[in-house]
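Everything on this sheet refers to the single structure shown next.
Residue numbers (my numbering): 7 to 412.
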């Protein structure tokens with residue numbers, strides 16, 4: 007009988023070790039890291055009332071998100087994210103992107119395009135624009151080739167045909183970007199010249215293709231993190247977590263002996279389940295999220311300490327080791343449950359009112375709490391029972407550093 011439990015115990019350990027070994031590469035590929043680790047740019051925009059749009063409604067914000075999504079996608083960023091935060095705010099996350107100037111230009115410009123005469127009379131607006139593509143002229147300067155719809159082409163042809171030798175003024179958000187001299191009749195196709203570089207022409211083409219923003223947006227927060235700095239921060243966080251985990255493992259072994267062995271095995275299971283869970287829900291791991299995982303390790307150990315102390319109390323009453331383990335886990339159940347529920351309530355509040363990294367911390371911590379309760383109340387007990395039945399522990403002194411003598 008004891009041999010059977012010993013084989014079962016060793017088999018479970020082998021399964022845990024194999025799961026940890028073979029999960030490393032898939033987990034490293036499935037888990038997404040945040041901007042503070044991968045590097046990139048994060049921008050928080052807020053819609054503000056203007057003379058044209060005195061009141062900001064939900065429809066305008068929805069269209070603004072759609073237009074900004076088109077613009078950042080055109081930048082060629084891998085996995086960009088454009089999401090609303092609250093009623094008037096939009097957060098843009100661009101992983102592994104470092105060109106801060108182009109980002110501010112593309113997302114911070116309303117992009118109201120107008121074609122006017124020299125007196126400011128509007129000939130047509132960006133609503134007549136069908137397409138815009140960047141290019142280089144013969145002098146290697148940036149230009150934007152545009153194509154108008156039929157109605158816009160008719161108006162442009164009529165104006166240019168009557169005003170040869172005059173200037174056509176092109177404005178973007180009331181700022182003049184080009185004022186070429188009309189040399190002949192222009193129809194549905196034309197070019198915006200006078201731009202500096204191809205990059206400038208590209209930014210303008212992106213804004214024109216996506217259309218004008220329906221509301222004015224102001225930058226409330228702008229952060230750029232280089233990939234080297236992000237990786238260094240992650241390395242330090244992981245090192246701190248490993249040191250903390252090592253100290254916890256050592257503490258459990260010194261103070262609780264056999265109980266500590268079972269608790270440490272349960273910690274390995276806890277770590278695997280948390281990482282699998284985060285990968286399953288496609289969670290983005292940020293530095294605060296790493297802190298939530300490490301904090302969860304401490305809370306998992308805290309639950310084990312509560313349970314172990316209850317077992318020691320049962321031993322002092324003269325109960326057998328097996329009976330004390332059962333009674334200790336039963337008595338500690340609601341204490342562990344109540345302690346963790348209060349923390350879960352706190353994480354729910356953080357998630358509801360928080361944004362960005364705060365929400366990431368709340369998600370990882372809440373998952374860590376739930377998993378830590380499961381591993382402390384079930385996995386630790388499973389290991390203890392297997393160790394007891396397989397005679398790996400025979401007396402309470404091989405299990406605890408205290409308690410009544412048997």
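We treat Cβ as the ideally placed atom computed from N, Cα and C, and that holds for glycine.
Across the set 177, 141, 335, 115, the C-alpha of 115 shows the shortest separation from the C-alpha of residue 77. Of 74, 123, 121, the smallest CA-CA separation from residue 109 is found for 74. The beta carbon of residue 136 lies closer than 7 Å to those of 153, 154, 155 in the same chain, with the five residues before and after it left out. The C-beta of residue 294 has 16 or more other C-beta atoms within 10 Å across all chains shown, which makes the residue buried. Per DSSP, the continuous alpha helix (DSSP H) segment holding residue 395 begins and ends at 386 to 395. Per DSSP, residue 268 is one residue of the alpha helix (DSSP H) stretching across 264 to 286. Between the alpha carbons of residue 370 and residue 283 lies a gap of roughly 9 Å. Counting along the chain, the unbroken beta strand (DSSP E) around residue 99 starts and ends at 95 to 101. For residue 181, the uninterrupted beta strand (DSSP E) run begins and ends at 181 to 184, by DSSP. Residue pairing by DSSP places residue 137 opposite 153 in a beta bridge. Within the same chain, 159, 163 come within 6 Å of residue 193 by CB-CB distance, once the 5 residues on both sides are set aside. Residue pairing by DSSP places residue 197 opposite 151 in a beta bridge. Its Cα nearest to that of residue 52, the residue 71 stands out among 58, 43, 321, 71.
Cβ contact annotation for residue 140 (same chain, cutoff 7 Å, sequence separation greater than five): 148, 150, 204, 207, 208, 211, in chain order. Looking at the backbone, the Cα of residue 63 and that of residue 219 are separated by about 13 Å. Nearest in C-alpha terms to residue 312, of all of 264, 225, 345, is 345. In the three-state DSSP reduction, residue 75 falls in the helix class (H, G or I). Rounded to whole angstroms, residue 262 and residue 383 show a C-alpha spacing of 16 Å. Taking a C-beta distance under 9 Å as the contact criterion, residue 250 and residue 300 qualify as a contact pair.
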